[in-house]
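Undergrad: First the structure, then my questions, so here it is.
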Amino acid sequence: MSARILVVDDIEANRRLLQAKLEAQYYTVIQAENGPQALEVARKELPDIILLDVMMPGMDGYEVCRRLKEDQATAFIPVVMVTALSDTEDRVRGLEAGAEDFLTKPVDDFALMSRVGALMRYNAVASELRQRQANGLGGGLDHESTKEETDQPARIFIVDDNPRASARLASVLREAGHTVVTLAEAGSMSGLASLGVDLMILSLPSKSFDALKLCAHFKVTEATRAVSILLICDPDDRVRAAKGLEIGASDVILTPVDKQELLVRVRTQARRARYIEMLRRRVDKGLELSVIDQLTGLYNRRYMMGQLHQFMQRSVMGGKPVSVMMADIDHFKSVNDTYGHDAGDEVLQEIANRLRENVRPMDIVCRPGGEEFLVIMPETPGDRACAAAERIRRAVAASPFIVGKAGLNIQITVSVGVSTIAGEQDTIADLTKRADQALYQAKTTGRNRVESTAA
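Under UniProt numbering, residue 455 is the last one in the sequence shown; the count climbs by one each step, no gaps.
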């Protein structure tokens with residue numbers, strides 16, 4: 001998986017060195033030599049990742065990072081701070097500025113490629129979800145609420161057959177506010193799904209199990225597929241660590257484990273996992289909003305048209321006939337005028353309930369708009385469709401609708417028109433027009449009745 005990477009450093013030799021390393025792995029490199037230029041290039045080129053030097057004259061890397069994250073156009077580009085500084089305070093400062101990760105100079109090749117690879121995998125998922133969200137909802141996530149949720153403490157499971165080592169890791173993480181369970185404490189890995197784990201720390205040096213096999217197993221198992229995995233590996237075992245990243249691990253930390261680096265890596269992985277989960281929820285909500293009428297919970301016109309197209313196609317290709325019934329509330333305007341629009345909304349919701357209760361599981365109940373409802377009845381000839389429509393008409397008229405805080409009883413009826421597919425030349429417009437004509441006939445001949453062009 002290739003990427004376009006912006007390298008920002010005021011020293012040309014440093015830029016050239018990173019460029020050579022990255023281009024050797026077939027990444028495309030863009031350069032900037034100072035903070036203002038980095039901001040301009042980032043907005044114009046929208047790179048996949050930014051490697052940002054901290055110590056630059058004028059505008060330092062922390063300020064550049066802050067401005068990148070405040071700009072809607074560049075806020076989602078992952079930033080990796082590259083610094084000769086190794087103090088805890090400097091790393092924390094970079095994270096507070098919005099950086100996703102950090103590298104320490106001189107930049108180690110394995111660390112560089114593992115960080116870039118991890119960010120590319122994260123980017124691939126996040127970018128697709130953001131695109132789907134934009135297509136479905138057209139709105140983004142609120143930055144403050146996103147940060148508040150993604151910065152919550154993580155739930156961590158440590159898989160290490162060395163009880164002392166895992167206890168030390170657990171102690172460090174618990175002091176930082178995370179919830180931690182070790183393999184020694186749990187006794188087995190059978191209850192991972194019930195623990196609701198955000199992050200798994202998996203030790204490659206473990207002797208009693210094959211950590212890479214476990215990593216592969218977790219990534220193909222539905223219950224643990226979305227859990228981030230942080231590998232702990234010895235410096236001389238980088239080949240296996242690289243294989244772990246290939247299999248699906250999210251990140252690697254080398255032994256001896258530095259306390260501050262551990263906390264940073266855990267925080268980063270927890271943030272990413274929560275951000276992806278938030279995007280998934282937004283996409284799911286967007287899909288729901290795109291097909292569901294929010295007042296009644298029935299399917300909307302958009303979904304109705306797609307389903308009608310599919311069922312009519314099946315019918316003309318040798319399947320059973322499809323019928324539709326179109327129902328319209330009698331004298332609905334007088335309900336709104338007399339009792340108010342809130343009462344009218346309650347009537348629409350109750351109509352939806354009675355429709356749902358009186359159709360088959362295979363039938364599709366829709367609200368195309370206003371006081372009009374349409375039921376798609378697959379594999380249903382005209383006579384059976386008329387019988388179903390009559391059952392629905394009676395269910396609506398059978399008992400009064402109780403609406404408003406005063407519990408008013410309102411008698412509601414519907415007029416119904418039924419139509420059935422007439423052949424392979426029939427279109428959705430033809431089918432619904434005939435149902436509408438039958439509905440008009442029901443209205444003009446007394447209302448509260450079913451008419452059909454189907455039988």
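Think of the CB as a built atom: it goes at the ideal place given N, C-alpha and C, for glycine as much as any other residue.
Contact defined as beta carbons within less than 8 Å: I believe D53 pairs with V107. What is the distance between those atoms, to the nearest angstrom?
TA: In the sequence shown, residue 53 corresponds to position 53, counting from 1. In the sequence shown, residue 107 corresponds to position 107, counting from 1. That belief does not hold up - the Cβ atoms of D53 and V107 are roughly 11 Å apart, past 8 Å.
Undergrad: For the region 368-380 against the region 305-315, are there 3 or more C-beta pairs whose distance is under 8 Å?
TA: As far as the Cβ criterion goes, the region 368-380 touches the region 305-315, which means the pair count is three or higher.
Undergrad: Any idea if E451 is buried or exposed, counting beta-carbon neighbours within 10 angstroms, 16 or more meaning buried?
TA: Taking the sequence shown and counting its residues from 1, one reaches residue 451 at position 451. So E451 ends up on the buried side.
Undergrad: Quick check: V239 and D198, are their CB atoms within less than 8 Å of each other?
TA: As a working mapping, residue 239 is identified with position 239 in the sequence shown. As a working mapping, residue 198 is identified with position 198 in the sequence shown. Their beta carbons are not under 8 Å apart, which means V239 does not touch D198 by this criterion.
Undergrad: Buried or exposed, going by whether 16 or more other CB atoms sit within 10 Å of the CB of Q411?
TA: For the purposes of this step, residue 411 is identified with residue 411 of the sequence shown, where counting begins at 1. Answer is exposed; the Cβ neighbour count stays below 16.
Undergrad: On the criterion of 16 or more Cβ atoms from any shown chain inside 10 Å, does A73 qualify as buried, or is it exposed?
TA: As a working note, residue 73 is residue 73 in the sequence shown. A73 is exposed by the Cβ-count criterion.
Undergrad: Please classify S190 as buried or exposed, where buried requires at least 16 neighbouring CB atoms within 10 angstroms.
TA: The residue labelled residue 190 in the question sits at position 190 within the sequence shown. S190 should be labelled exposed.
Undergrad: Using DSSP with H/G/I as helix, E/B as strand and the rest coil, what is M326?
TA: Locating residue 326 in the sequence shown gives position 326, counting from the first residue. Three-state result, M326: strand.
Undergrad: For E372, write down the residues that DSSP places opposite it in a beta bridge.
TA: The residue you call residue 372 lines up with position 372 of the sequence shown. Answer is D328, G369, bridged to E372.
Undergrad: What does a CB cutoff of less than 8 Å around D142 pick up in its chain, not counting 5 residues either side in sequence?
TA: Residue numbering aside, residue 142 sits at position 142 when the sequence shown is read from its first letter. For D142, the predicted model reports a pLDDT of 47, less than 50, meaning its position is unreliable; a value from the coordinates is still stated below. Cβ within range, chain order: n/a, list empty.
Undergrad: Once DSSP output is grouped into helix, strand and coil, what is the label at F218?
TA: Residue mapping note: residue 218 aligns to position 218 of the sequence shown, counting from 1. It is helical.
Undergrad: Please state whether DSSP places L17 in a helix, a strand or coil.
TA: To locate residue 17, count along the sequence shown from 1; it is residue 17. In the structure shown, L17 sits in a helix (DSSP, three-state: H, G or I).
Undergrad: In chain order, what residues of the same chain lie with their CB nearer than 8 Å to the CB of E23, ignoring the 5 residues before and after it?
TA: By one-based count along the sequence shown, residue 23 stands at place 23. Counting only Cβ-Cβ distances below 8 Å, and skipping sequence neighbours, we find V29.
Undergrad: Tell me whether V359 counts as near the ligand SAM, meaning its Cβ is closer than 7 Å to at least one heavy atom of that ligand.
TA: Within the structure as shown, the ligand SAM is missing, as the structure has no ligands at all.
Undergrad: Is the beta carbon of L295 sitting closer than 8 Å to the one on Q260?
TA: Taking the sequence shown and counting its residues from 1, the one referred to as residue 295 is at position 295. Taking the sequence shown and counting its residues from 1, the one referred to as residue 260 is at position 260. No.
Undergrad: So which of G196, S127, R282, R393 has the shortest CA-CA distance to A75?
TA: By one-based count along the sequence shown, residue 75 stands at place 75. Minimum Cα distance to A75 is reached at S127.
Undergrad: Threshold first: 4 residues or longer. Then list the alpha helix (DSSP H) segments lying entirely within the UniProt domain "GGDEF" (320-455), N to C.
TA: If we require 4 residues or more, the alpha helix (DSSP H) runs fully inside the UniProt domain "GGDEF" (320-455) come out as 332-339, 341-357, 382-397, 428-444.
Undergrad: Excluding the 5 residues flanking L230 on each side, which residues of the same chain have their C-beta closer than 8 Å to its C-beta?
TA: The residue labelled residue 230 in the question sits at position 230 within the sequence shown. L199, M200, I201, L202, A249, S250, D251, V252, I253, R265, V266, Q269.
Undergrad: For A170 versus I158, is the C-beta spacing smaller than 8 Å?
TA: Your numbering for residue 170 matches position 170 in the sequence shown. Your numbering for residue 158 matches position 158 in the sequence shown. Contact: yes.
Undergrad: Skipping 5 residues on each side, what residues in its chain have a beta carbon closer than 8 Å to that of R449?
TA: Along the sequence shown, one-based indexing puts residue 449 at 449. If we look at R449 and ignore the five residues flanking it on each side, its Cβ neighbours are R393, S415, V416, A442.
Undergrad: Please tell me whether L68 and L39 are closer than 8 Å, where the distance is taken between their beta carbons.
TA: Walking along the sequence shown from the start, residue 68 turns up at place 68. Walking along the sequence shown from the start, residue 39 turns up at place 39. Cβ atoms of L68 and L39: closer than 8 Å.
Undergrad: Roughly how many angstroms lie between the CA atoms of R434 and I247, to the nearest whole one?
TA: Walking along the sequence shown from the start, residue 434 turns up at place 434. Walking along the sequence shown from the start, residue 247 turns up at place 247. Rounded to the nearest angstrom, the two C-alpha atoms are 57 Å apart.
Undergrad: Would you list, in sequence order, the uninterrupted alpha helix (DSSP H) runs of no fewer than 4 residues that lie entirely inside the region 53-134?
TA: Whole alpha helix (DSSP H) segments, 4+ residues: 61-70, 88-96.
Undergrad: Can you give me the start and stop residues for the alpha helix (DSSP H) that I201 sits inside?
TA: In the sequence shown, the residue the question calls residue 201 occupies position 201. That residue, I201, is in no alpha helix (DSSP H); its beta strand (DSSP E) goes 199-203.
Undergrad: Compare the beta carbon distance of A397 and M325 with 8 Å and say whether it is the shorter of the two.
TA: Here the question's residue 397 lines up with position 397 in the sequence shown. Here the question's residue 325 lines up with position 325 in the sequence shown. No.
Undergrad: Cutting at 6 Å between CB atoms, please list the residues of its own chain near A211, excluding the five before and the five after it.
TA: If you number the sequence shown from 1, residue 211 lands on position 211. Contacts found: L202, L204.
Undergrad: Considering only DSSP beta bridges, list what R4 is partnered with.
TA: Within the sequence shown, numbered from 1, the residue matching residue 4 stands at position 4. Note: R4 sits in a beta bridge opposite T28.
Undergrad: Measure the Cβ-Cβ separation of T413 and R360 and say whether it is below 8 Å.
TA: The sequence position of residue 413 within the sequence shown is 413, counting from 1. The sequence position of residue 360 within the sequence shown is 360, counting from 1. Contact flag unset, no.
Undergrad: Looking at C-alpha atoms only, which residue of L119, S208, V291 is the closest neighbour of I276?
TA: Locating residue 276 in the sequence shown gives position 276, counting from the first residue. Cα-wise, what sits closest to I276 is L119.
Undergrad: Inspect the beta-carbon positions of P321 and I421 and report whether they are closer than 8 Å.
TA: Position 321 of the sequence shown holds residue 321. Position 421 of the sequence shown holds residue 421. It is a contact, given that the beta carbons lie within the stated cut-off.
Undergrad: Could you name the residues that DSSP lists as bridge partners for T179?
TA: By 1-based counting over the sequence shown, the position of residue 179 is 179. In the DSSP output, where bridge partners are listed per residue, T179 has R155.
Undergrad: Roughly how many angstroms lie between the CA atoms of F218 and G196, to the nearest whole one?
TA: Looking up residue 218 in the sequence shown gives position 218. Looking up residue 196 in the sequence shown gives position 196. If I take the Cα positions, the gap works out to 14 Å.
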